[in-house]
Amino acid sequence: MNNKVSIITPLYNSEKYISETIKSVQNQTYVDWEMIIVDDCSADKSCEIVEDFAKIDSRIRLLKQNRNSGAGAARTRGMEESSGRFIAYLDADDIWLSNKLEIQVDFMKLNSCGFSCTSYEVISDEGVKLNKKVYMLPKVDYVGFLTNNLLQTVGIMVDTNMIDKKYLVMPNIRRRQDAATWLQILKVGYDCYGIEQVLAQYRRAKNSLSGNKVKAVQGVWQLYRDIEKLSLPFSCYCFSRYALLAVWKRVYVGRRN
0 MNNKVSIITP LYNSEKYISE TIKSVQNQTY VDWEMIIVDD CSADKSCEIV
50 EDFAKIDSRI RLLKQNRNSG AGAARTRGME ESSGRFIAYL DADDIWLSNK
100 LEIQVDFMKL NSCGFSCTSY EVISDEGVKL NKKVYMLPKV DYVGFLTNNL
150 LQTVGIMVDT NMIDKKYLVM PNIRRRQDAA TWLQILKVGY DCYGIEQVLA
200 QYRRAKNSLS GNKVKAVQGV WQLYRDIEKL SLPFSCYCFS RYALLAVWKR
250 VYVGRRN
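Going by numbering that gives the first Met the number 0, the residue at position 127 of the sequence shown is 126; the numbering climbs one at a time, nothing skipped.
Next up, the structure:
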């Protein structure tokens, strides 16, 4: 039976982080995986670093885009090239704890769920823990995700035995393409089941796209209006809930032990 996990990693000018990211995958207690790293025309030494790892570990593959197309297109290509039953996503600057895959695969098989997300903690650009942990709800549906924005790509896993890969094709937008994809899955009736245990580290990089708050807010609004085609009143409602919960996460989330 194919229980392989295909790990999809978009890569763009991440020479500072990619070694640590790859090592966090190699350190997994669950060993049946492939890591598909899709370079989006990096100008630094990111590809050289990945190629060095791939020479030693055949489970690691490097694909190269012909032109810079964004993280969504890179993830879609990686997904299309994948051979595993489970699809997981790990950005080039994020980190997994060593038991992440084992716990998540066991959870999904035990609960017969096709879509899950682990809890995670936030680290700084330099890898310092920021005393901020985000815990998943037991279950998130379509409307719930529109208003709480809890699902983070670093914790996502999809069972393609249950959910068709066509729902993992990411829209051609520069921001929030991952969130739009999770909404595609939720909209057709698959809830996302949360794992309370913190199993991943999300890096808040100084120069990351998500670090630009104004553009991040614009991306959320575009997601509501242009991608999901929500009405103006419902978009305003969802956005107000999103903003309030974002403040709550920033102020209170890190207080939980």
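Where is the CB? At the ideal position from N, CA and C, for every residue including glycine.
Burial state of residue i, where buried means 16 or more other Cβ atoms lie within 10 Å
| i | result |
| --- | --- |
| GLN217 | exposed |
| ARG74 | buried |
| GLY210 | Because the pLDDT of GLY210 is 48, which lies under 50, any placement of that residue in the model is unreliable, and the number read from its coordinates should be weighed accordingly. When all chains shown are included, GLY210 counts as exposed. |
| ASN67 | exposed |
| GLU125 | exposed |
| ASP39 | buried |
| PHE144 | buried |
| ASP225 | exposed |
| SER123 | exposed |
| ASP105 | exposed |
| ALA42 | exposed |
| ILE237 | The sequence given here places Cys at residue 237; Ile does not occur at that position. Classification of CYS237: buried, given that the 10 Å Cβ count is 16 or more. |
| MET161 | exposed |
| VAL127 | exposed |
| SER57 | exposed |
| ASN1 | exposed |
| LEU185 | buried |
| LEU231 | exposed |
| ASN256 | Unreliable positioning characterises ASN256 in this predicted model, as indicated by a pLDDT of 47, which lies under 50. The coordinate reading is nonetheless provided below. ASN256 is exposed by the Cβ-count criterion. |
| SER82 | exposed |
| LEU129 | exposed |
| PHE233 | exposed |
| GLU120 | buried |
Terminal residues of the alpha helix (DSSP H) in which residue i lies
| i | result |
| --- | --- |
| THR20 | 17-25 |
| CYS40 | Where CYS40 is concerned, there is no enclosing alpha helix (DSSP H), given that its DSSP letter is neither H nor E. |
| GLN200 | Counting along the chain, GLN200 falls outside any alpha helix (DSSP H), though it belongs to the beta strand (DSSP E) covering 191-202. |
| ARG74 | 70-79 |
| GLU101 | 99-110 |
First through last residue of the beta strand (DSSP E) which encompasses residue i
| i | result |
| --- | --- |
| LEU62 | 59-63 |
| LYS132 | 128-133 |
Residues that residue i bridges to, as DSSP identifies them
| i | result |
| --- | --- |
| TYR119 | VAL133 and ALA199 |
| SER5 | GLU33 and ILE86 |
| ILE296 | With the chain running from 0 to 256 in the structure shown, residue 296 is simply not present. |
| PHE114 | VAL157 |
| LYS261 | Examination of residue 261 is not possible in this model, given that the chain is present from 0 through 256 alone. |
| LEU10 | ASP38 |
Check: residue i C-beta below 7 Å from any heavy atom of the ligand COA
| i | result |
| --- | --- |
| ARG202 | Judged by which ligands are present, the structure shown has none, so any question about the ligand COA falls away. |
Review point. Any contact of the segment 21-31 with the segment 98-114, i.e. 3+ C-beta pairs under 8 Å?
Key: yes
Length at least 3, wholly inside the segment 141-189: the beta strand (DSSP E) runs in chain order = 155-158
**Q.** Segment contact, 8 Å Cβ cut-off, at least three pairs: the segment 72-88 with the segment 184-192
**A.** no
**Asked** Is the number of C-beta pairs between the segment 57-66 and the segment 86-95 that are closer than 8 Å three or more?
**Response** no
TODO: Assess, as a yes-or-no matter, whether the segment 44-51 is touched by the segment 134-141 under the definition of 3 or more beta carbon pairs within less than 8 Å.
DONE: no
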